[in-house]
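**Student:**
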Amino acid sequence: MNAYPPIAEHGIVGDLQTAALISSAGTIDWWCSPRFDSPSLFASLLDAERGGYCQVSAAPETDGMTVRQLYMSDTAVLVTRFMAPDGVGEVIDFMDPLRDAVPVDRHRLVRIVRVVRGVLPFRFTCRPRFDYARAPHTLTVPTPDHAVFQSAAADLHVQLTDPIPLHRDGNDVTARFTLSAGQTAAIVLTTTAVGDQAPVPPVREQVSAEFEACRGFWQSWLRSCTYRGRWQDMVKRSAITLKLLTYAPTGAPIAAATMGLPEQVGGERNWDYRYTWVRDASLSVRALIDLGFTEEAAAFRRWLRDRLDAGGTASGEPLQIMYRIDGEPRLEEEILTHLEGYRGSAPVRVGNAAADQIQLDIYGEAADALAQTTDIGSVTGWRAFAALLDWLADNWDRPDEGIWETRGGRKDFTYSRLMTWVAFERGIRLATDHARPADLDRWTRERDAVFAQIVDRGWSPKRRAFVQHFNTDVLDASLLLMPKMGFLTPQDPDWLSTLDAMDAELVSDSLVYRYDPAASPDGLRGAEGTFNLCSFLYVEALAASGRVSQARYAFDKMLTYANHVGLFAEEIGPSGEQLGNFPQAFTHLALVAAAIALDRRLDDAESGPMT
């Protein structure tokens, strides 16, 4: 058990096509290449013994050592500091972002080691395990400072800028070296396609230039951020994280960098999140635009329009809930039985069988994303969107699996109906504002029919609240989006009553559960933590409803659950530990939206009434 660091004890670095998690001990224990959704070469997070890792750290025999990890300001450059009585050293990890949005097989992760005071010994270990530890590899050491790991899945080159000899340890390599104040060394990890040409040996000047270019990229990119509110550091870190989790060649954001990290340690709720959810990505558009990142928002909207134009899904619907980052709809789920899972949390799944679920809410989220700007795309794109709404007019009134991808059977979920209403409402608005051809009479009839159904069947007189689905009194935190989507006003008495019911049942010290699995079985064993997305949606809903002091206190408390470098996973466990895949894009976009909404209400309160 001690071999597994807490999920939160990590930072993330990436080059906008892939990303690696690095623990506060200086260990790369998750990296997939050449894409986010490629097989792993380091996966010790999912199996400490078999998964593979790469560590650079102060030698373990160093007495009295303290370790701290941080990001260089306004960048994705991660610094792990080792502080001991005899010396202070740093490992600086980064991947220089790829400027050309073209998929490549070659990716470089640079690890600069330097000592800033005294003398410090270091240890380096590299134990890759390709293809989720299923593909064996061979090792060659053509020069003392260059090791080549070759497998049927990919190749990995390890190169040093200094004459530090690498020693074989079976099919792995290790090294020990000592640096004094002012001395540096660099270790460069390069992944390539099988049999591809070896990278040019790195030199100090090149590595320094690469480091400066990486730092300059992030600082320049962040200058586009228009946020000037009260939580600059957290919002900017969230923006950088959302950018790191976006696949630049297509503009598609992934839900998280990892797979298989548990929602309950030892439980079975362990999913692969390295794909693009229409829901998550669509909801990110508004946050990106509010932050000033219009190019990223436009890139995803183009990706979304391409999905509408392409057709063809694994689910048989016009859209499916998730895709691979290149738009491929097939995500067959497989269980990796040879991996024990994080702290024994099995099964470890790769792929995601939820891809063929029916979730009707995605049409509303897609329509909302397309409605965020005045650019509604080409004539062909509009026709595809209008055809989608015509299809929805025939197909909205049926049960589905719902937003939370439950595996307990289809139901008439209120949230799915809410977003169906959003789809028709946004379509009507776009067609009217831009004089586009549309069956407005029919879309209006269906919109109003959905509205009536939600009010008549999604409302529980017993609970005085809107509920999860039409045959239950169970509450569901997804309905926190009702006022944001414009279905009702934040001051509507029925909404305030719903918010009060959620506050009493789903909220625990500002942390919000999605729903009660005991009251609404979801087909899975075990429990889960509170859902960070819902906790930030709760803050936003409180602020919009005028409960500003309560919203600010809840937001401030939520920020205390961020990890040491400002990152969030999917959930928070009973002892405040982070659970689920990490870092979670949905959490960070909800943080951004909550901060912006809360800033606006606080500004209004501080400005006072007009005189």
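Taking the working numbering, the leading residue of the sequence shown gets 184, the next gets one more, and so forth. Beta carbons: idealized from backbone N, C-alpha and C, even for Gly.
Quickly, what does DSSP pair F225 with across the bridge? List them, please.
**Tutor:** W214
**Student:** Among N578, E523, L519 and G495, which one has its Cα closest to the Cα of E511?
**Tutor:** G495
**Student:** Please list the segments of the alpha helix (DSSP H) lying wholly inside the stretch 335 to 420, counting only runs of 4 or more residues, in order along the chain.
**Tutor:** 387 to 405
**Student:** Between M266, V293 and V287, which lies nearest to I275 when the distance is taken from Cα to Cα?
**Tutor:** V293
**Student:** Taking only the alpha-carbon atoms, compute the straight-line gap between M184 and A231 and give it to the nearest angstrom.
**Tutor:** In this prediction, M184 scores a pLDDT of 38, lower than 50, which makes its location untrustworthy; the coordinate-derived value is nonetheless stated afterwards. Spanning the two alpha carbons is a distance of roughly 9 Å.
**Student:** Please list, in chain order, all residues of the same chain as S816 whose beta carbon is under 7 Å from its beta carbon, the five residues on each side excluded.
**Tutor:** Nothing in the structure corresponds to residue 816, since the chain is present only between 184 and 794.
**Student:** Applying the criterion that 16 or more other CB atoms from any shown protein chain within 10 Å of the CB defines a buried residue, is R411 buried or exposed?
**Tutor:** Exposed is the call here.
**Student:** Sort Q636, S498, A618 and L623 by Cα distance to E584 and report the nearest one.
**Tutor:** In terms of Cα proximity to E584, the closest of Q636, S498, A618 and L623 is S498.
**Student:** Tell me the rounded alpha-carbon separation between T794 and R784.
**Tutor:** Caution applies to T794, whose pLDDT of 33 falls short of 50 and renders its modelled position unreliable; the value that the coordinates give is listed next. Looking at the two C-alpha atoms, the distance is approximately 19 Å.
**Student:** Out of curiosity, what's the CA-to-CA distance linking L502 and G434?
**Tutor:** 18 Å
**Student:** If you run the structure through DSSP and keep just helix, strand and coil, what is S790?
**Tutor:** Helix, per DSSP.
**Student:** Rounded to the nearest angstrom, what separates V461 and M505 at their Cα positions?
**Tutor:** 6 Å
**Student:** I need the straight-line Cα distance from Y598 to S661, nearest angstrom please.
**Tutor:** 7 Å
**Student:** Note down, one range per segment and in chain order, each beta strand (DSSP E) of at least 3 residues found wholly within the stretch 257 to 284.
**Tutor:** 261 to 267 and 270 to 277
**Student:** Please check the pair I205 and L427, which I expect to be a contact at CB under 8 Å, by giving their CB distance rounded to whole angstroms.
**Tutor:** Their Cβ separation, rounded to whole angstroms, is 13 Å, which puts I205 and L427 out of contact at 8 Å.
**Student:** Are the CB atoms of P436 and V768 within a distance shorter than 7 Å?
**Tutor:** Per the sequence shown, residue 768 should be read as Ala rather than Val. Yes, these two residues count as a Cβ contact at 7 Å.
**Student:** Express the C-alpha separation of W214 and S223 in angstroms, rounding to a whole number.
**Tutor:** 6 Å
**Student:** Less than 6 Å between C-beta atoms, sequence neighbours within five positions excluded: which residues of the same chain meet that for A536?
**Tutor:** E516
**Student:** Quick one, which of V262, D352, A381 and L372 has its alpha-carbon nearest V748's?
**Tutor:** V262
**Student:** Which two residues bound the contiguous beta strand (DSSP E) that contains P304?
**Tutor:** H290 to R310
**Student:** Check P325 in the structure and name its three-state DSSP category.
**Tutor:** strand
**Student:** Just the C-alpha distance for G234 and L694, rounded to the nearest angstrom, thanks.
**Tutor:** 33 Å
**Student:** Taking only three categories from DSSP, how would you classify M184?
**Tutor:** Only weak support is given to the placement of M184: the predicted model assigns it a pLDDT of 38, under 50, and the question is left unresolved by the model.
**Student:** Specify the secondary structure class of T597 as computed by DSSP and reduced to three states.
**Tutor:** helix
**Student:** By a C-beta neighbour count over all protein chains shown, 10 Å radius and 16 as the cutoff for buried, is Q200 buried or exposed?
**Tutor:** buried
**Student:** Please check the pair A191 and N746, which I expect to be a contact at CB under 8 Å, by giving their CB distance rounded to whole angstroms.
**Tutor:** With a beta-carbon spacing of about 4 Å, A191 and N746 fall inside the 8 Å limit used to define contacts.
**Student:** Using three-state DSSP, classify E517 as helix, strand or coil.
**Tutor:** strand
**Student:** Return the first residue and the last residue of the alpha helix (DSSP H) that S570 is part of.
**Tutor:** In the sequence under discussion, the amino acid at residue 570 is Ala, which differs from the Ser named in the question. V562 to N578 is the span of the alpha helix (DSSP H), which, as asked, contains A570.
**Student:** Leaving out five residues before and five after H320 in sequence, what residues of the same chain have Cβ atoms less than 7 Å from its Cβ?
**Tutor:** P311, F313, F332, Q333, S334 and N354
**Student:** If you draw a straight line from the alpha carbon of L322 to that of Y236, how long is it in whole angstroms?
**Tutor:** 16 Å
**Student:** Per the DSSP calculation, S691 is bridged to which residue(s)?
**Tutor:** L694
**Student:** Measure the beta-carbon distance from G247 to P268 and round it to whole angstroms, keeping in mind my assumption that it falls under 8 Å.
**Tutor:** Right, their Cβ atoms sit about 5 Å apart.
**Student:** What do you get for A552, buried or exposed, if any count of 16 or more other CB atoms within 10 angstroms of its CB means buried?
**Tutor:** That one is buried.
**Student:** Per DSSP, what kind of secondary structure is Y315 in: helix, strand or coil?
**Tutor:** Residue state for Y315 is assigned as helix, using DSSP reduced to three classes.
**Student:** Among V383, Y696 and W454, which one has its Cα closest to the Cα of N715?
**Tutor:** Cα-wise, what sits closest to N715 is Y696.
**Student:** So, for F277: in the same chain, excluding its five sequence neighbours on each side, which residues have a beta-carbon less than 6 Å away from its beta-carbon?
**Tutor:** V196, V260, V293 and C397
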